[in-house]
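Residue numbering for the sequence shown follows the UniProt record's numbering, starting at 1 and increasing by one per position.
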Amino acid sequence: PVGTNRQTLTFQRIKRADEACYMCNASNAIGKGEMSKPKCIRVLFPPTNITLSLPSKVTEGQSVSIRCSAESFPPSTFQLKNSPSSHRLDSKLGDKQNTVTFTFPATLADAVAYTCEASNSEG
1 PVGTNRQTLT FQRIKRADEA CYMCNASNAI GKGEMSKPKC IRVLFPPTNI TLSLPSKVTE
61 GQSVSIRCSA ESFPPSTFQL KNSPSSHRLD SKLGDKQNTV TFTFPATLAD AVAYTCEASN
121 SEG
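1. Within a Cβ cutoff of 6 Å, which residues of the same chain sit near residue 48, ignoring the five residues on either side of it in sequence?
2. Alpha carbon to alpha carbon, how far is residue 21 from residue 38? Give it in angstroms, no decimals.
3. Secondary structure at residue 67, three-state DSSP: helix, strand or coil?
4. Compute the Euclidean distance between the alpha carbons of residue 114 and residue 6, then round it to the nearest angstrom.
5. When the Cβ atoms of the region 100-110 are set against those of the region 61-77, are three or more pairs found closer than 8 Å?
6. Helix, strand or coil for residue 18 per DSSP?
7. Hey, how far is the Cα of residue 46 from the Cα of residue 118?
8. Taking residue 58 and residue 106 to be in contact with their CB atoms under 8 Å, please state how far apart those CB atoms are, rounded to whole angstroms.
9. How about residue 97 and residue 90: do their beta carbons lie closer than 9 Å?
10. In three-state terms, what does DSSP make of residue 113?
Right under this line is the structure:
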């Protein structure tokens, strides 16, 4: 008779570091079997390490670019807000590098503090 011995790999608390493609094989006293086809795990996680990059000085009328980025999967949607009103200026979905750039002509009214918020389905 042929015996079936099933082994299971269980992640108690999945972490981003566990994201990989996994394969398995079996061996016994006679030899080693073929490697299985890979099965890949994508770990979903909310945005972390949100960064905002912008020039400290800009001339009125000049084009200004504000860059927001984050680490997340799936990619984040970014919202650019100005302070102190927290008025949302624009919202964009991040690219493959999970980065967006907001570009607009600078006016005197734009001389305020900015914040960037990132969100996705995980948070």
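Backbone N, C-alpha and C fix where the C-beta goes; we use that ideal spot for every residue, glycine too.
Concretely, from the data shown:
1. 71
2. 6 Å
3. strand
4. 55 Å
5. yes
6. helix
7. 9 Å
8. 5 Å
9. no
10. strand
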